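Have a look at the structure below, then the notes.
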Amino acid sequence: MKSNQIKDIRETYADKFGFNMPEQPFSKAKKGLSEDVIREISKNKGEPEWMLEYRLKAYEAFTKKPMPEWGADLSHIDFQNIYYYIKPGDVEKRTWDDVPENVKKTFDRLGVPQAEREYLAGVKAQYDSEVVYSSLMGELEEEGVIFLSTDEALKKYPEIFKEYFGKVIPSADNKFSALNSAVWSGGSFVYIP
Numbered sequence: 109m110k111s112n113q114i115k116d117i118r119e120t121y122a123d124k125f126g127f128n129m130p131e132q133p134f135s136k137a138k139k140g141l142s143e144d145v146i147r148e149i150s151k152n153k154g155e156p157e158w159m160l161e162y163r164l165k166a167y168e169a170f171t172k173k174p175m176p177e178w179g180a181d182l183s184h185i186d187f188q189n190i191y192y193y194i195k196p197g198d199v200e201k202r203t204w205d206d207v208p209e210n211v212k213k214t215f216d217r218l219g220v221p222q223a224e225r226e227y228l229a230g231v232k233a234q235y236d237s238e239v240v241y242s243s244l245m246g247e248l249e250e251e252g253v254i255f256l257s258t259d260e261a262l263k264k265y266p267e268i269f270k271e272y273f274g275k276v277i278p279s280a281d282n283k284f285s286a287l288n289s290a291v292w293s294g295g296s297f298v299y300i301p
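With the sequence shown counted from 1, adding 108 to any position gets you the working numbering.
Here you go:
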């Protein structure tokens, strides 16, 4: 992507939302897309070997798939000029009071009401590549509902996770599903018995 296009995107974002928060990563993967970057993401996330293999297989599919022709011209995307993993903090927070101030400011500026943050049955807040805040009403937990970040679910419920992960849109479906499967980060896992 041309640098003036990136500048235009940032200016448009600032115009639309009235602010642009600077990056303050706890850690991030090297810029660009390669097998080494895929391995680095998986290692940083402490994933099991099968997930690394899943990512590498998806990356291989990405390298072989052509750019889609069914939409806008995307040939200008420079996949080597992107950070695919940025971790904003060390751990997911369970109370809103523990969430870092810069993340709270972002949600305030986006207009996420305080009541929504505190009283919804289940809330996940993602910032950069990771979930930074999570809550679930006790009544739902008592019924066996599992609502976790994808990272936490992968560690706590690996069998359930492996059974369902990547099944709706297979990683080899198209170039961008392969890319997403190779570098995914963050997201929510919901299991309802």
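Heads up, the beta-carbon is just placed ideally off N, CA and C, and yes, glycines get one too.
These numbers come from a predicted model, not from an experiment.
In the same chain as Glu-148, and ignoring 5 residues on each side of it, the C-beta atoms closer than 8 Å to its own belong to Ala-137, Lys-138 and Tyr-193, in chain order. Residue environment for Leu-287: buried (at least 16 other C-beta atoms within 10 angstroms of its C-beta).
Per DSSP, reduced to three states, the secondary structure at Leu-182 is coil, with no helix or strand assignment. Straight across, the Cα-Cα distance linking Ser-142 with Tyr-167 is about 8 Å. Here Leu-256 has Phe-297 as same chain residues with Cβ atoms under 6 Å from its own Cβ, once five neighbours each way along the sequence are excluded. The straight-line gap separating the alpha-carbon atoms of Pro-174 and Ser-279 is approximately 14 Å.
Within a 10 Å sphere around the beta-carbon of Leu-262 sit 16 or more other beta-carbons, which makes this residue buried. Remark: C-beta atoms of Ile-146 and Arg-163 approach each other more closely than 8 Å. Per DSSP, Tyr-272 is one residue of the alpha helix (DSSP H) stretching across 266 to 272. Straight-line measurement puts the Cα of Ser-293 at about 26 Å from the Cα of Asp-181. The beta-bridge partner set that DSSP reports for Phe-297 consists of Leu-256. Asp-144 and Asp-186 have their C-alpha atoms roughly 18 Å apart. DSSP, reduced to helix, strand and coil, places Ile-146 within a helical segment of the structure shown.
Taking all protein chains in view, the Cβ of Lys-153 is crowded by 16 or more other Cβ atoms within 10 Å, so the residue is classified as buried. For Phe-170 against Lys-264, the beta-carbon gap comes to about 29 Å, at or over 8 Å, which does not count as contact. Rounded to whole angstroms, the separation of the alpha carbons of Gly-252 and Trp-178 is 42 Å. Look at Lys-151 here: in three-state DSSP terms it is helix.
The beta carbon of Ile-300 is closer than 6 Å to those of Val-253 in its chain, skipping five residues each way along the sequence.
The three-state secondary structure of Trp-158, taken from DSSP, is helix.
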